[in-house]
Amino acid sequence: MSSQYLTALVLRDLNIGIVGGGIAGLYTALLLQRQGHQVRIFEGSGRIGGRVHTHYFTTEKNQYYEAGAMRIPNSDFHQIIFQLIDYINTDAKVPESKKIKLIDYIMSDPGNDVFLNNIRPDIQAFSVTPASIGWDVPSEYRDKTASDLLTQAIGGCISSLKDNFDQGFKDIVEMYDNFTFRFYCTAVMNWPSEVVDFVETVTSQTNQFSLSVPELVMQHMDFGETSWKTIDEGMSRLPQAMAHLIGLANITFGARVVGLENIDDHHVRVTTSGYNGLLTATFDRVVLAIPPAALRMIADRPRWSAEKEMAIRSMHFEALYKMGMRFKTRFWEHVTPGPSNGGQSTTDLPIRWVVFPSNGCKEDGPGVLLVYAWMTDANNWLSLSALERRSLAINCIEKLYDGRKDDRNNIINVGDLLIETSDAIWSTSTATGDAMFLPGQFSKHFDNARRHEGNIYFAGEHLSYHHTWLSGAARSALDVTRDMLQDKALSPLNKATTGKGRPYVFIPKDRAPAKENGAAKVPFKYGQDHSRLVRRWPPIHSPEVPREVLNHEYNFPTNLGISQHALGPSIANLKAPNTISITELNGTPELTNV
């Protein structure tokens, strides 16, 4: 394709298809609309947000947990998300009900427990030494904290990134990308293997040190921040607000892409399989804002260079498992000694991390805590049934709390206090988990994976330096849009930038995403739909939702193994036949099919 044609093309309005309704796809759509282009998002599931997913147990305040992204580091590297929130909140088309309020996210609290080697030392995780938990290491390491040891190993790398990120990252990749972090610790830092195991157990996930050095440096740089934020009433409010600005009429739900075809030098045909069978549409450009696993499942697509295909096949993702547990009281805030008001406890139990909510601290009534595991720790849950997963989680929480007393001298009984649970098994979805690169993958596959192929472009957090973070998805979207529009100076979304801009208005229709069993599949209430598109194209391909099911913003089912019932089955659609629920009658559990 000639450069003259490309230049002429970007000077006119483009018609762009976006595959994937996560943060990368939504951010790309907003950027393109700001510049006056037309977009159509194809989302394979029935909800928006990708790996941003808040599960609401009830409509009561603070009765939710974050099944996906749950916090935002307040640092320079993540300002793109704070700018996005400013952009949303200052747009006149966003009603007050959809504006985003940030609250403090508490990363650690003095009452957070450490439970390692069956020992509960009266210290916080950053103060844990081998001596404090009976970990056998050479004597010169016995009184060194895991946090201090990790800082010694990667503090210099993090400083270089903060001084000059581009040059610092390039240097780290050139020197250490072919090393696992475990090899780096033993060969460069000269740590004994017992010390490496100790530091990994206290500061990371099981086998996380098998990832590449650049991956570990980036992860711990982000977690080294001291100021954090989250979104009041749930992180899902961010993609919901983004979708409102894009216009629901421009998002096709339940549309799994099964085909991509270059029909000439200038256009791409997209074929989707969804609620109305096979649908096709033709675009000037297409952005694939989906994980590699989802891209690989598109069997009918162009085949690119061997290097590109290898990058798509091999980019490494790790499993992620979360369970939200709703209790009759927020007993963790009343236990004596050491109540936890936010933060997280560190264990070597199957649950690994217990995350206490930063929302609703010190409120009366029911509360929700989260158990959380990555990588090998997450994979260990996959073979268990829904009942086994719940029973195991209860057993682990009991080890931390049963028999202890609250501030009213009541003995805590975790089983008696439990109301319901809900879990998310991300590795059973096409999202598969989070991008975490193995040795050599930044240097060998990163650029190949990001490179556009003709009129097909690629976006997602896995194609950024900030894996697993919202900022990574947004930065990738910004890079893709700059590349597509040949505008390296294109600014990110923020309240001070309006871009090309046009007064786009259309008459809204009583349309909504696909429904199932009478429940709307996008978790927000539809008011008037304000779209920035010049015109609506193509027509909506989703069935009508009766007006009565739209009366409450929380009236929706959940996906990805997250249940509305007491137990979350591992199947994708929780309204399917034979979903297991647990009810309790006169103290006796009764299994029912729903």
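For the sequence shown, the numbering used here gives the first residue as 1113, with consecutive numbering after it. Every residue gets a Cβ at the ideal spot worked out from N, C-alpha and C, and that includes glycine.
Cβ-Cβ separation between residue 1154 and residue 1459: approximately 41 Å, too far for a contact (criterion under 8 Å).
Between residue 1466 and residue 1169, the CB-CB gap reaches or exceeds 8 Å.
With respect to residue 1604, residue 1130 sits apart: the two C-beta atoms are not nearer than 8 Å.
In terms of Cβ geometry, residue 1545 and residue 1431 form a close pair [threshold 8 Å]. C-alpha of residue 1205 to C-alpha of residue 1159: approximately 22 Å in a straight line.
In this structure, DSSP gives residue 1463 a state outside helix and strand, which the three-state scheme calls coil. Closest by C-alpha distance to residue 1147, out of 1379, 1177, 1299, 1127, is 1127. When secondary structure is reduced to three states using DSSP, residue 1416 falls in the coil class, being assigned neither helix nor strand. Residue 1372 counts as buried, since at least 16 other C-beta atoms from the protein chains shown sit within 10 angstroms of its C-beta.
Counting only runs of at least 4 residues, the segment 1165-1240 fully encloses the following alpha helix (DSSP H) elements, listed from N- to C-terminal order: 1191-1201. Distances from the alpha-carbon of residue 1564 to those of 1417, 1494, 1456, 1515 put 1417 closest. Rounded to the nearest whole angstrom, the CA to CA distance from residue 1369 to residue 1228 is 46 Å. The C-beta of residue 1515 has fewer than 16 other C-beta atoms within 10 Å across all chains shown, which makes the residue exposed.
When Cβ pairs closer than 8 Å are counted between the two stretches, the segment 1499-1506 is seen not to touch the segment 1446-1455, the count staying below three.
Taking all protein chains in view, the Cβ of residue 1210 is crowded by 16 or more other Cβ atoms within 10 Å, so the residue is classified as buried.
DSSP places residue 1127 in the uninterrupted beta strand (DSSP E) bounded by 1127-1131. Here the alpha carbon of residue 1378 sits roughly 24 Å from the alpha carbon of residue 1404. The continuous beta strand (DSSP E) containing residue 1150 extends over residues 1150-1154.
In the three-state reduction of the DSSP assignment, residue 1251 falls in the helix class, which pools H, G and I.
The C-alpha of residue 1482 is placed about 7 Å away from the C-alpha of residue 1434. By the neighbour-count criterion, in which 16 or more other beta carbons inside 10 Å mark a residue as buried, residue 1335 falls on the exposed side. As the crow flies, the alpha-carbon of residue 1280 is around 22 Å from that of residue 1338. In the structure shown, the three-state DSSP call for residue 1488 is helix. Taking 8 Å as the upper bound for CB-CB distance, residue 1226 and residue 1243 are not in contact here, some 13 Å apart. Check the Cα spacing between residue 1390 and each of 1397, 1567, 1382: the tightest is with 1382. In the DSSP annotation of this structure, the continuous segment of the alpha helix (DSSP H) that includes residue 1135 starts and ends at 1135-1146. Closest option to residue 1183, judged by alpha-carbon separation, among 1172, 1164, 1201, 1497: 1164.
In summary, residue 1166 is buried, with 16 or more beta-carbon neighbours lying within 10 Å of its beta-carbon over all protein chains present. For residue 1383, the uninterrupted beta strand (DSSP E) run begins and ends at 1379-1386, by DSSP. Here the alpha carbons of residue 1592 and residue 1569 stand approximately 7 Å from one another.
Per the C-alpha coordinates, the member of 1520, 1409, 1553, 1444 positioned closest to residue 1509 is 1444.
Around the beta-carbon of residue 1305, fewer than 16 other beta-carbon atoms lie within 10 Å, marking it exposed.
The C-beta of residue 1212 has 16 or more other C-beta atoms within 10 Å across all chains shown, which makes the residue buried.
Excluding its 5 nearest sequence neighbours in each direction, residue 1285 has C-beta neighbours in its own chain below 7 Å: 1326, 1554, 1555, listed in chain order. At the C-beta level, residue 1548 and residue 1397 stay beyond 8 Å of one another. In the DSSP assignment, residue 1349 is bridged to no other residue.
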